[in-house]
Amino acid sequence: MENSLAAFQRAAAEGYLYLETDVHATADGVVVVQHDSELDRTTDGVGPIADQPWSAVRRAKIGGRESISRLEDLLEALPHALINIDVKAESALDPTLAVLRRTGALSRVCLASFDESRLRRARERAGPQLLTSMGPRSVGLLWAASWLPFRIPGLPVHGRFAQIPPEYGWLRVVDRALLRSAHRRDLEVHVWTINEEPKMNELLDLGVDGLVTDRPDLLRDILEARGLWVQQG
Numbered sequence: 001m002e003n004s005l006a007a008f009q010r011a012a013a014e015g016y017l018y019l020e021t022d023v024h025a026t027a028d029g030v031v032v033v034q035h036d037s038e039l040d041r042t043t044d045g046v047g048p049i050a051d052q053p054w055s056a057v058r059r060a061k062i063g064g065r066e067s068i069s070r071l072e073d074l075l076e077a078l079p080h081a082l083i084n085i086d087v088k089a090e091s092a093l094d095p096t097l098a099v100l101r102r103t104g105a106l107s108r109v110c111l112a113s114f115d116e117s118r119l120r121r122a123r124e125r126a127g128p129q130l131l132t133s134m135g136p137r138s139v140g141l142l143w144a145a146s147w148l149p150f151r152i153p154g155l156p157v158h159g160r161f162a163q164i165p166p167e168y169g170w171l172r173v174v175d176r177a178l179l180r181s182a183h184r185r186d187l188e189v190h191v192w193t194i195n196e197e198p199k200m201n202e203l204l205d206l207g208v209d210g211l212v213t214d215r216p217d218l219l220r221d222i223l224e225a226r227g228l229w230v231q232q233g
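In C-alpha cells form, the structure reads like this:
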C-alpha cells in the first residue's frame, strides 16, 4: 500500500535501508506521510490534508485498511533507515524540520523538493547538518556544465544529490557526461522513477548512484545478479 508504514517496514525487512517518501502537513501542523495533497486517491478519506486537523486525517485508511502515518511514526519505527523526504508543500517545511530536530533525525534524512527556494530555506533554517537534493536550477546548471569542454570552477549548485528523471520530454537528462560532471563535484545522481528491468540495467551500467523505484523486489534481483546487493543486519 502506497506510503503505508507496513510497506516501509517490509522494504526495510527485505534489506532496503534507503527509503523515499513524501510529506504534507495537516491544518494543525502534524506532518503526515502521503504523496497527494488530498486524501481521495489512496485512502477512504476525502479533501485536502492541509485543510483538516490531524484528528480527522488520522481516521482515513490507506486501501481501506491502514491509517496514515505521521513522519514521526516512520522515523521511530525505522531508526536505522536513511530516508529521502520530499516536502510537497511550503506549509510542511517548518513542521518537518521540527520533527527532524525532535527525533534527532536530521543527520539521516535528505530533504527534497522541486521548489529551489524551499530547499534554500530548509538549508538556512536547519544548518549544515541537513542534506538536501538539488533544485531544478542547480540541476540545470549541472546539466549545462556537462556539455562544456572545460570545467567551470565554483559552479553555483546547491544540494548534495541530483534527483532527476532519465529523460525530460525529448531531452535525455542522464548520460555519461552528466555523471562525470556530477562526480567531479562529489555529487550523487539518483534517478526516478524506474520500474522496468531494462532501464534499471541501462542506468546501472552508466554508473548512477541510486535508483528510485516502486519495484524494490525487481531492483534487488538485479543488484544480487550484479554482486552489488549488500545484505543488512
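Numbering-wise, full-length UniProt numbering puts 27 at position 27 of the sequence shown, and it's gapless, one number per residue.
Quick reminder that beta carbons are idealized off the backbone N, C-alpha and C, glycines included.
On a CA-only basis, which of the options is nearest residue i? Give me that one, please.
| i | options | result |
| --- | --- | --- |
| Val57 | Leu203, Leu78, Gln34 and Ala162 | Gln34 |
| Ala112 | Gly104, Arg102 and Val139 | Val139 |
| Lys194 | Glu14, Pro165, Val30 and Asp221 | Per the sequence shown, residue 194 should be read as Ile rather than Lys. Looking at the Cα atoms, Pro165 is the closest of the given residues. |
| Ala27 | Gly47, Gly15, Arg108 and Gly104 | Gly47 |
| Ala105 | Glu38, Asp73, Arg41 and Ile68 | Asp73 |
| Val230 | Arg160, Pro53, Ser4 and Leu17 | Leu17 |
| Arg137 | Leu119, Ser37, Lys61 and Met1 | Leu119 |
| Asn3 | Val191, His190, Thr43 and Glu76 | Thr43 |
| Ala50 | Pro95, Leu75, Pro79 and Arg101 | Pro95 |
| Ser91 | Ala81, Asp115 and Arg101 | Asp115 |
| Trp54 | Arg65, Arg180 and Gly29 | Gly29 |
| Arg19 | Lys199, Arg70, Ile222 and Ala81 | A quick correction: the sequence has Leu, not Arg, at residue 19. Of the listed residues, the one whose Cα sits closest to Leu19 is Ala81. |
| Arg185 | Arg59, Arg220, Met1 and Leu142 | Leu142 |
| Ser37 | Ala89, Asp221 and Glu202 | Ala89 |
| Val189 | Ala126, Leu178 and Glu224 | Leu178 |
| Glu197 | Arg180, Gly210, Ile222 and Ser181 | Ile222 |
| Arg172 | His183, Gly159 and Ala144 | Ala144 |
Could you check how far apart the C-beta atoms of residue i and residue j are, in whole angstroms? I think they sit under 8 Å.
| i | j | result |
| --- | --- | --- |
| Val208 | Val174 | 7 Å |
| Ile62 | Val32 | Actually they are not in contact, since the Cβ atoms of Ile62 and Val32 sit about 11 Å apart, beyond 8 Å. |
| Thr103 | Leu131 | Actually they are not in contact, since the Cβ atoms of Thr103 and Leu131 sit about 16 Å apart, beyond 8 Å. |
On the three-state DSSP scale, how would you describe residue i?
| i | result |
| --- | --- |
| Gly15 | coil |
| Gln129 | coil |
| Asn201 | helix |
| Thr213 | coil |
| Asp40 | coil |
| Ile194 | coil |
| Arg70 | strand |
| Val173 | coil |
| Glu90 | helix |
| Thr21 | strand |
| Ala27 | coil |
| Phe161 | strand |
| Ala105 | coil |
| Pro95 | helix |
Quick one: any contact between the segment 10-21 and the segment 207-224, if contact means 3 or more CB pairs under 8 Å?
Contact between the segment 10-21 and the segment 207-224 is present: 3 or more CB-CB pairs across the two stretches fall below 8 Å.
Can at least three beta-carbon pairs, one atom from the segment 77-87 and one from the segment 11-25, be found at a separation below 8 Å?
Judged by Cβ distances under 8 Å, the segment 77-87 makes contact with the segment 11-25, as three or more pairs qualify.
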